[in-house]
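Visitor: Residue numbers (this note's numbering), protein chains in the order written: chain A, 1 to 111; chain B, 112 to 223.
Even for Gly, the Cβ is constructed at its ideal location relative to N, Cα and C.
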Amino acid sequence: DTEVTQTPKHLVMGMTNKKSLKCEQHMGHRAMYWYKQKAKKPPELMFVYSYEKLSINESVPSRFSPECPNSSLLNLHLHALQPEDSALYLCASSRAGPEYFFGSGTRLTVV
Amino acid sequence: AQSVTQLGSHVSVSEGALVLLRCNYSSSVPPYLFWYVQYPNQGLQLLLKYTTGATLVKGINGFEAEFKKSETSFHLTKPSAHMSDAAEYFCAVSFNDYKLSFGAGTTVTVRA
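(1) Which chain A residues sit within Cβ distance under 7 Å of Thr162(B)?
(2) From Val12(A) to Gly216(B), what does the alpha carbon distance come to, in whole angstroms?
(3) Measuring straight from C-alpha to C-alpha, what distance separates Val111(A) and His186(B)?
(4) How is Ser137(B) classed by DSSP in three states: helix, strand or coil?
(5) What three-state label does DSSP hand Met194(B) in the structure shown?
(6) Please report the Cβ distance between Tyr209(B) and Val48(A), rounded to the nearest whole angstrom; I am assuming they are in contact, meaning their Cβ atoms lie under 8 Å.
(7) Helix, strand or coil for Met59(A), going by three-state DSSP, please let me know.
(8) State whether the stretch 27–44 of chain A contacts the stretch 73–90 of chain A, with contact taken as three or more CB pairs (one from each stretch) at a distance under 8 Å.
(9) Let's test the definition: count the other Cβ atoms within 10 Å of the Cβ of Pro42(A) and tell me whether it reaches 16, buried, or not, exposed.
(10) So with CB distances below 7 Å, who are the chain B contacts of Gly105(A)?
(11) Using 8 Å as the limit for Cβ to Cβ distance, is Val216(B) near chain A?
(12) Apart from the five residues on each side of it in sequence, which residues of its chain come closer than 6 Å, Cβ to Cβ, to Phe145(B)?
(13) What residues in its chain sit with their C-beta under 6 Å from that of His79(A), if we drop five residues either side in the sequence?
(14) Give the DSSP-derived three-state secondary structure of Glu177(B) in the structure shown.
(15) Tell me whether His121(B), by its Cβ, gets closer than 7 Å to a heavy atom of the ligand SAM.
(16) DSSP state of Glu67(A), grouped into three classes?
(17) Can you tell me whether Asn75(A) is helix, strand or coil according to DSSP?
(18) Does the distance from the C-beta atom of Ala176(B) to that of Thr163(B) stay below 8 Å?
(19) Return the CA-CA distance between Phe174(B) and Thr16(A), expressed in angstroms with no decimal places.
(20) Applying a beta-carbon distance threshold of less than 9 Å, which residues of chain B neighbour Ala31(A)?
(21) Return the first residue and the last residue of the beta strand (DSSP E) that Thr106(A) is part of.
(22) Out of curiosity, what's the CA-to-CA distance linking His193(B) and Val140(B)?
(23) For chain A, is any of its Cβ atoms less than 8 Å away from the one on Thr205(B)?
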């Protein structure tokens, strides 16, 4: 199994809603990532978890809250988002180094 | 600081023609280098990667890339373009520090 599975594939939420994005992998990777990608732009790193601990936070606003419940799961909790937060959110996993696997993403629209 | 530059935001080729996408990196030490492809409304798919060893790397879908340390380059090529190659292509670098940095991307269109 070399897949990173993201759910849901599409999400529309209001600015007062609370929602969560989910990411799952069963490759035994101990590093997991959240990226944000705006249209026609490269992915931008948001968070890195290494061995289930948050190791990198790229100055992301607190309305985005990551969580790593176990080595296979990564969540991104969303609250009070703004329309400019609409984007494709990509999850990835890797070994400690050069082997990154990406999910197909969640297309988020904030209305 | 590490960085990667993709020359040309848009490349248009005829079906059957050579595809050449350019990528240069800025680093004092050789990084790990990657090429990813992204089709509309999809995630990123790894085409190929260079870590160590052979500098000519073969990937999926007939793509290959050559790591040239002296030129700090990792250009992607495919001898004969197919309509299905129309997509966004990203070059990326990593130094085994959990940070994967992407170039700005190159949009490839294929003319029939």
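Guide: Here's the rundown:
(1) Along the second sequence, read from residue 1 onward, the residue named residue 162(B) stands at position 51. The answer, in chain order, is Pro98.
(2) The residue labelled residue 12(A) in the question sits at position 12 within the first sequence. The residue labelled residue 216(B) in the question sits at position 105 within the second sequence. Cα to Cα, the separation comes out at about 27 Å.
(3) As a first step, residue 111(A) is located in the first sequence; it is residue number 111 there, counting from the start. As a first step, residue 186(B) is located in the second sequence; it is residue number 75 there, counting from the start. Taking the straight line joining both Cα atoms gives about 41 Å.
(4) As a first step, residue 137(B) is located in the second sequence; it is residue number 26 there, counting from the start. Reduced to three states, the DSSP call for Ser137(B) is strand.
(5) As a position in the second sequence, residue 194(B) is number 83, starting the count at 1. Looking at Met194(B) - three-state DSSP - the assignment turns out to be helix.
(6) Residue numbering aside, residue 209(B) sits at position 98 when the second sequence is read from its first letter. Residue numbering aside, residue 48(A) sits at position 48 when the first sequence is read from its first letter. Going by Cβ atoms, the distance from Tyr209(B) to Val48(A) rounds to 5 Å, so yes, they are a contact pair.
(7) As a first step, residue 59(A) is located in the first sequence; it is residue number 59 there, counting from the start. The question names Met, but residue 59(A) in the sequence shown is Ser. Ser59(A) falls in the coil class under three-state DSSP.
(8) yes
(9) Within the first sequence, the letter at position 42 stands for residue 42(A). Per the 10 Å Cβ criterion, buried.
(10) To locate residue 105(A), count along the first sequence from 1; it is residue 105. Going along chain B in sequence order, the residues near Gly105(A) (Cβ under 7 Å) are Gly154.
(11) Translated into positions along the second sequence, residue 216(B) becomes position 105. One detail in the question is off: residue 216(B) reads as Gly in this sequence, not Val. Cβ-Cβ to chain A under 8 Å: yes for Gly216(B).
(12) In the second sequence, counting from the first residue as 1, residue 145(B) sits at position 34. Lys160, Ala203.
(13) Along the first sequence, read from residue 1 onward, the residue named residue 79(A) stands at position 79. Result list for His79(A): Lys18, Arg63, in chain order.
(14) On the second sequence, residue 177(B) is found 66 positions in, with the first residue counted as 1. Glu177(B): strand per DSSP, three-state reduction.
(15) Looking at this structure, you won't find the ligand SAM or any other ligand, since it has none at all.
(16) Against the first sequence, residue 67(A) aligns to sequence position 67. Looking at Glu67(A) - three-state DSSP - the assignment turns out to be strand.
(17) Here residue 75(A) is taken as the residue at index 75 of the first sequence, counted from 1. Strand at Asn75(A).
(18) Along the second sequence, read from residue 1 onward, the residue named residue 176(B) stands at position 65. Along the second sequence, read from residue 1 onward, the residue named residue 163(B) stands at position 52. Against a cut-off of 8 Å, the Cβ pair of Thr163(B) and Ala176(B) comes out as no contact.
(19) As a position in the second sequence, residue 174(B) is number 63, starting the count at 1. As a position in the first sequence, residue 16(A) is number 16, starting the count at 1. Going from the Cα of Phe174(B) to the Cα of Thr16(A) covers about 46 Å.
(20) To locate residue 31(A), count along the first sequence from 1; it is residue 31. Neighbours of Ala31(A) on chain B, chain order: Tyr209.
(21) The residue labelled residue 106(A) in the question sits at position 106 within the first sequence. Per DSSP, Thr106(A) belongs to the beta strand (DSSP E) from 106–110.
(22) By 1-based counting over the second sequence, the position of residue 193(B) is 82. By 1-based counting over the second sequence, the position of residue 140(B) is 29. Each residue's alpha carbon lies about 35 Å from the other.
(23) Reading the second sequence from its first residue, position 94 is the one you call residue 205(B). First, the residue type needs correcting, since residue 205(B) is Ser and not Thr in the sequence shown. For Ser205(B), the answer is yes, since a Cβ of chain A falls inside 8 Å of its Cβ.
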